[in-house]
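K.L.:
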Amino acid sequence: MNDGIFQQEWLKEVQTAQASAYTPYSKFNVGALLVTKDDKYIYGANIENAAYSATICAERSALVSAYSNNITQFKAIVIVTDAEKPASPCGVCRQVMKELCEDNMPVYLTNRSGDVIKRTVDDLLPLGFSGKDMD
Ligand code: THU
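So, in structure tokens, the structure goes:
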């Protein structure tokens, strides 16, 4: 990926995030790396629960962690799983990204082989609902 934004080292960093996944039920480890506009890294991993619906996805873990530390300006998010093809965020995470990230923020879907697919928040949730819809 050479779009003038993506940094190759993000592939290593997102795997560090993935290493913190807590997945006793699915064993499907997801890592999310949020890169701030001033190039700081926020890690997120999926944290599962015996009551399955209480599971928190990696993308939301990263965003909630950032916001909880008053960090709100993001350059990109990178996602990794162990699946062969780069996996795509679930609908709930797309909605949370719509709320907390800029529409044109890149979302990089990756795998352990280093393949990278680039989309934006808006690509992943076209015509997404936001506070503007309540004006
Ligand atoms: N998962 C994520 O962390 N992010 C997504 O966007 C899709 C799904 C997690 C939730 C659960 O722990 C596991 O992957 C299987 O669904």
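Everything in the sequence shown is counted per this note's numbering, starting at 6 for the first residue and increasing by one.
We put the CB at the ideal spot given by N, CA and C, even for glycine.
Quick caveat, the model's predicted, so the values are computed rather than measured.
Mapping DSSP to helix, strand and coil, what is Ser-132?
P.N.:
In the sequence as presented, Ser is not what sits at residue 132; that position holds Leu. Three-state result, Leu-132: coil.
K.L.:
Taking its Cβ as the centre, do 16 or more other Cβ atoms sit within 10 Å of Asn-51, making it buried, or is it exposed?
P.N.:
Burial call: buried.
K.L.:
Of all the options Tyr-113, Leu-129, Lys-103, Asn-109, which has the alpha carbon lying nearest to the alpha carbon of Lys-137?
P.N.:
Looking at the Cα atoms, Lys-103 is the closest of the given residues.
K.L.:
Would Val-83 and Val-19 be called neighbours here (beta carbons separated by less than 7 Å)?
P.N.:
Taking 7 Å as the Cβ cut-off, Val-83 and Val-19 qualify as a contacting pair.
K.L.:
Distance, Cα to Cα, Asn-7 vs Thr-21?
P.N.:
Taking the straight line joining both Cα atoms gives about 22 Å.
K.L.:
Put Tyr-123 into one of helix, strand or coil per three-state DSSP.
P.N.:
Here residue 123 is Lys; the residue named in the question, Tyr, does not match the sequence. Residue state, collapsed to three classes: strand.
K.L.:
Is the Cβ-Cβ distance between Glu-64 and Tyr-27 less than 7 Å?
P.N.:
It is not a contact, given that the beta carbons lie outside the stated cut-off.
K.L.:
If Val-97 and Asp-108 are in contact, beta carbons under 8 Å, what's the gap, nearest whole angstrom?
P.N.:
At roughly 18 Å, the Cβ-Cβ gap does not stay under 8 Å, so Val-97 and Asp-108 are not in contact.
K.L.:
Does Gly-96 come out as helix, strand or coil in the three-state DSSP assignment?
P.N.:
It is helical.
K.L.:
Going by C-alpha distance, which of Ala-55, Asn-74, Lys-32 is nearest Ile-47?
P.N.:
For Ile-47, the nearest C-alpha among the options comes from Asn-74.
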